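In our numbering, the protein residues as written are 1 to 156. Step one of this worksheet: look at the structure below.
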Amino acid sequence: MTTPYCYSTTYILDKAHFDECYTQSVKPDPTLKPYYKAMGFGLIGIALIFADVSLYLAYFFVGLGVIEALNVKYNKAWWLMRQMMSKAANNEVTLIVDEQGISTQSQYVKSQILWTDIYRIVPTEKGFLITHKTGTSYLSNRSLDEACCAFIKTKI
């Protein structure tokens, strides 16, 4: 009789972890498409400058375009800063991978992703992207041993 598989470990949600999560899960778009909204706001603002409306509204749209362009340009830094300011930053997380699914527990969050709720598991250079009912999660190889990685790969 075989015993059910269960792997448990702990790790800290530090800047290196968040940086790895971002770089492994976000694919940069080298085209101008991410800037379209910023350009649209800017063009609306410029058009409103020449229209017979309040300049406050026109400059508001120009400013909105500039802020949106900065958001696109510095997306990673902005995202990392928000994660490091969250209450979850620098806290210990317990990760459990077993026959039921993948569970994480910390001081603030307790979540479980069942294997039946997972649509796709994509191996990346440094971990796994797990697509499930409620979104996509990233699981780093830094916190997994080889047996656990092999177990997850059997679930693909």
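By construction, the Cβ of each residue, glycine as well, lies at the ideal position given by its N, Cα and C atoms. Predicted model, so just to flag it, every value in this text is computed and none were measured.
Beta-carbon gap between residue i and residue j smaller than 7 Å
| i | j | result |
| --- | --- | --- |
| I49 | F61 | no |
| T9 | S106 | no |
| I121 | I113 | no |
| D117 | H132 | yes |
| G135 | W115 | no |
| Y108 | S25 | no |
Simplified DSSP state of residue i, which is helix, strand or coil
| i | result |
| --- | --- |
| V109 | coil |
| L13 | coil |
| P123 | strand |
Other residues of its chain near residue i: CB distance less than 6 Å, five sequence neighbours each side excluded
| i | result |
| --- | --- |
| N141 | K126 and G127 |
| A58 | G45, L48 and I49 |
| F151 | Y5 |
Paired residues, beta bridge with residue i - DSSP
| i | result |
| --- | --- |
| R82 | In the DSSP output, where bridge partners are listed per residue, R82 has none listed. |
| C6 | D98 |
| E20 | Paired residue(s): none; E20 is not in a bridge. |
| S140 | G127 |
| L114 | G101 |
| E92 | I12 |
Sequence-distant residues of its chain with Cβ nearer than 8 Å to residue i (five each side left out)
| i | result |
| --- | --- |
| I12 | N90, N91, E92 and V93 |
| D98 | P4, Y5, C6 and Y7 |
| K155 | W115, I118 and I121 |
Sequence-distant residues of the same chain with beta carbon closer than 7 Å to residue i, five excluded per side
| i | result |
| --- | --- |
| A69 | Y35 and A38 |
Distance cut-off 6 Å: residue i Cβ against heavy atoms of the ligand FMN
| i | result |
| --- | --- |
| A88 | This structure lacks the ligand FMN; in fact it carries no ligand of any kind. |
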